[in-house]
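As structure tokens, the structure follows; a few thoughts come after it.
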Amino acid sequence: MPNAKTRAKSPTLPDTLRLKITYRKVEDLKPYAGNARTHSDKQIEQIAASIRQFNFVNPVLIDGDDCIVAGHDRVAAARKLGYNEVPVTLQQKA
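Following the working numbering, the numbering of the sequence shown begins with -16 at its first residue and continues without gaps.
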């Protein structure tokens, strides 16, 4: 959207920073062994309810080996819902 004062266009996000959403089978995703976060069954049910109501609004972050970097809870909720795949995005190398 152009700036109202200057009519200059806002810079666009470079392709390297754009999210690239794909889908992976839940069974192919590996939990990160060092994941410090745990979620109770009640929390997983709440996340599943949110996914049922709003669908996935945040993809699971994975590395190049299909290891979950962030989103273990969403994958557990997807399993609870009987989904066989989830949206993922690949962690960008720094």
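C-beta: ideal position from N, C-alpha, C; glycine also.
This one's a predicted model, so the numbers in the text were calculated from it and none came from an experiment.
With distances taken between CA atoms, serine 33 lies nearest to Arg57 out of Gly47, Ile51, Arg57. Judged by DSSP secondary structure, alanine 53 falls outside any alpha helix (DSSP H) and instead within the beta strand (DSSP E) spanning 51 to 53. Here proline 42 is buried: its Cβ has 16 or more other Cβ atoms, across all protein chains shown, within 10 Å. Sorting Gly54, Lys8, Lys63 by C-alpha distance to the C-alpha of glutamine 74 places Gly54 at the top.
In this structure, the beta-carbon distance from proline 14 to phenylalanine 39 does not fall below 8 angstroms.
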